[in-house]
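Chemist: In UniProt numbering, the protein residues as written are 1 to 108. Using N, Cα and C, we set each Cβ at its ideal position, and we do this for glycine too. Here the structure is a predicted model, which is why all the values come from computation and not from measurement. Take this structure, written in structure tokens, and hold onto it; I'll ask about it next.
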Amino acid sequence: MILQFKTSNAINFKNEIIKLVEAGKLSTWDISTINGVKYLKHLGQWGEKGVAKLTSNNNNDYLSLEIFKFSSYKGEITDFEGYYLGRFCELIFINFPEKFTSIEKKII
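Here you go:
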């Protein structure tokens, strides 16, 4: 599943989130860099299972969030994906309520 946040500038939105995490202002999140790509990692129980990737679309008006599981995690992504998505929505609702106008769910 992918969540898409409608926004006026997805690249800027993504960079603001990453900047807050890297500055330590979002204490339950960290950045994991894998093959040169920055992923969000939840520091609670979900962080050992996978990471979240933020991307922008070609029109730069949607910030997308997709969860990926680590190969070392033997369970299914559906075991924790909903929790990861929920924690990210909490982060957005509290810290960036003015940065998006709607959220859409896309099943992959």
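From what residue to what residue does the alpha helix (DSSP H) around Phe70 run?
Modeler: Along the sequence shown, one-based indexing puts residue 70 at 70. Run containing Phe70: none; DSSP gives neither H nor E here.
Chemist: Assign Lys106 to one of three DSSP states: helix, strand, or coil.
Modeler: Numbered from its first residue, the sequence shown carries residue 106 at position 106. If DSSP states are grouped into helix, strand and coil, Lys106 belongs with the strands.
Chemist: Determine the burial state of Val21: buried for a count of at least 16 other Cβ atoms within 10 Å of its Cβ, exposed for fewer.
Modeler: Here residue 21 corresponds to residue number 21 of the sequence shown, with the count starting at 1. Val21 should be labelled buried.
Chemist: Ordered along the chain, which non-local residues of its own chain (more than five positions away) have a Cβ less than 7 angstroms from that of Lys38?
Modeler: Locating residue 38 in the sequence shown gives position 38, counting from the first residue. Within the same chain, Lys38 has close Cβ partners Ile18, Ile31.
Chemist: To the nearest angstrom, report how far apart Glu66 and Lys53 are at their CA atoms.
Modeler: Here residue 66 refers to the residue found at position 66 of the sequence shown. Here residue 53 refers to the residue found at position 53 of the sequence shown. Computed Cα separation, rounded: 5 angstroms.
Chemist: Going by DSSP in three states, Lys14 sits in which element: helix, strand or coil?
Modeler: Locating residue 14 in the sequence shown gives position 14, counting from the first residue. In the structure shown, Lys14 sits in a helix (DSSP, three-state: H, G or I).
Chemist: Which partner residues of Gly50 appear in the DSSP bridge assignment?
Modeler: As a first step, residue 50 is located in the sequence shown; it is residue number 50 there, counting from the start. DSSP lists Lys69 as partners of Gly50.
Chemist: So who's on the other strand from Ser32, going by DSSP bridges?
Modeler: The residue given as residue 32 occupies position 32 in the sequence shown. Partner(s): Tyr39.
Chemist: Please classify Lys74 as buried or exposed, where buried requires at least 16 other C-beta atoms within 10 Å of its C-beta.
Modeler: Sequence index remark: in the sequence shown, residue 74 carries index 74 (1-based). Exposed: under 16 other Cβ atoms inside 10 Å.
Chemist: Rounded to a whole number of angstroms, what is the C-alpha to C-alpha distance between Phe96 and Cys89?
Modeler: One-based indexing of the sequence shown puts residue 96 at position 96. One-based indexing of the sequence shown puts residue 89 at position 89. Taking the straight line joining both Cα atoms gives about 10 angstroms.
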